[in-house]
Amino acid sequence: MRSLFGLFVVVATASLYLYSLSLYLPAVPRRRALPTLNIVDIPCRLKFPSDLEELRELAELLQFYKAEHTGYVLLLFCSAYLYKQSFAIPGSSFLNILAGAIFGSYQGLLLACMLTTVGSTMCYLLSQAFGKRYIVNLFPDKVSMLQRKVEENQDCLFFFLLFLRFFPMTPNWFLNMSAPIVNIPITFFFGSVFIGLLPYNFICVQTGVMLSEVSSLDDLFSWERLVQLLAIACMALLPGALIRRFSQRRLKLDAQAQNGLITDKKVQ
Numbered sequence: 001m002r003s004l005f006g007l008f009v010v011v012a013t014a015s016l017y018l019y020s021l022s023l024y025l026p027a028v029p030r031r032r033a034l035p036t037l038n039i040v041d042i043p044c045r046l047k048f049p050s051d052l053e054e055l056r057e058l059a060e061l062l063q064f065y066k067a068e069h070t071g072y073v074l075l076l077f078c079s080a081y082l083y084k085q086s087f088a089i090p091g092s093s094f095l096n097i098l099a100g101a102i103f104g105s106y107q108g109l110l111l112a113c114m115l116t117t118v119g120s121t122m123c124y125l126l127s128q129a130f131g132k133r134y135i136v137n138l139f140p141d142k143v144s145m146l147q148r149k150v151e152e153n154q155d156c157l158f159f160f161l162l163f164l165r166f167f168p169m170t171p172n173w174f175l176n177m178s179a180p181i182v183n184i185p186i187t188f189f190f191g192s193v194f195i196g197l198l199p200y201n202f203i204c205v206q207t208g209v210m211l212s213e214v215s216s217l218d219d220l221f222s223w224e225r226l227v228q229l230l231a232i233a234c235m236a237l238l239p240g241a242l243i244r245r246f247s248q249r250r251l252k253l254d255a256q257a258q259n260g261l262i263t264d265k266k267v268q
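Encoded structure:
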């Protein structure tokens, strides 16, 4: 009961901080005007996007603010991202896309990778401090199966964790919460999140960059965009192919993804 109360205090404090940060906006920049932006409605538009249309509006709004309040936009974005990751709230892909739209390819990718890693590690620590018993009670089969696979791959645990990030047989949010329960060291966890989610973050950030730059179908099918899409595809496929090749030789998987669970499959 005490752990549940502690988690409630942490969530409530973080929620109050994020709400306050979004409420007390700095002065509206006057450097440039956007005809599609209604200044009167700015405070109510600061919310997590749930579809591409809301994502476009939010990206336009934050780009508008970033002209004169870069520090505020950066703090707001980082706080919102860490909030979602720390409490395993779905929708981080939208924030990765938003990072590309607001901060560009390189800064956006660096931010996405750092925030994904730090936020996932915070989720790990919150689970370790408050949630072990509840997670085991809620997902006993998943936890026990993951525990067994971790024990079987102790000699190459880091590559096993990379495999799980590239080919998620369990959702990332569950892996973040259950990692301390199955005795995955935080150093391995931290490194595997940063490297393992790099291709995914890259794809999302580049999507955000194109979202902010493309205004018509002609722009989308230009040679520059086609080369960019090819680079994205290579970035996504190459690391996964290397990990899969390694896993066939070293990792003890003998498993398949079924309804989000790692289930045994006998070798004939």
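Taken in order, the sequence shown gives residues 1 to 268; the numbers are from UniProt numbering. Positions of the beta carbon are idealized from the N, C-alpha and C atoms, including for glycine.
The continuous alpha helix (DSSP H) containing glycine 100 extends over residues 92 to 103. Taken atom to atom, the span from the alpha-carbon of phenylalanine 48 to that of serine 79 is near 12 Å.
Annotation: the continuous alpha helix (DSSP H) that includes tyrosine 83 extends over 70 to 86. The C-beta of alanine 129 has fewer than 16 other C-beta atoms within 10 Å across all chains shown, which makes the residue exposed.
Distance from the CA of glycine 196 to the CA of glutamine 206, rounded to the nearest whole angstrom, comes to 17 Å.
Excluding sequence positions up to five before and after proline 180, its CB lies within less than 6 Å of the CB of Tyr124, Ser127 and Gln128, all in the same chain and listed in chain order.
With 16 or more neighbouring CB atoms inside 10 Å of its own CB, phenylalanine 189 falls in the buried class. Here the region 92 to 103 makes no contact with the region 153 to 166; the two share fewer than three CB pairs at distances below 8 Å.
In this model, cysteine 113 and tyrosine 81 are separated by some 11 Å (Cα to Cα). In terms of Cα proximity to valine 11, the closest of Ile89, Leu61 and Glu68 is Ile89. In the structure shown, leucine 16 falls within a helical segment according to DSSP collapsed to helix, strand and coil. Your pair glycine 208 and leucine 62 does not check out as a contact, with CB atoms roughly 11 Å apart and the cut at 8 Å. Contact between lysine 142 and phenylalanine 174 holds, since their C-beta atoms are separated by about 7 Å, short of 8 Å.
For isoleucine 195, the enclosing alpha helix (DSSP H) has its first and last residue at 186 to 196. By the neighbour-count criterion, in which 16 or more other beta carbons inside 10 Å mark a residue as buried, glycine 71 falls on the exposed side.
Using a Cβ distance threshold of 9 Å, leucine 146 and valine 182 count as a contacting pair. Annotation for proline 26: no alpha helix (DSSP H) segment contains it, and DSSP assigns it neither H nor E. In the DSSP assignment, phenylalanine 130 falls outside any alpha helix (DSSP H) and carries neither an H nor an E. In the three-state DSSP reduction, aspartate 141 falls in the helix class (H, G or I). The three-state reading of DSSP puts aspartate 155 in helix, counting H, G and I together.
In the DSSP annotation of this structure, the continuous segment of the alpha helix (DSSP H) that includes asparagine 176 starts and ends at 172 to 178.
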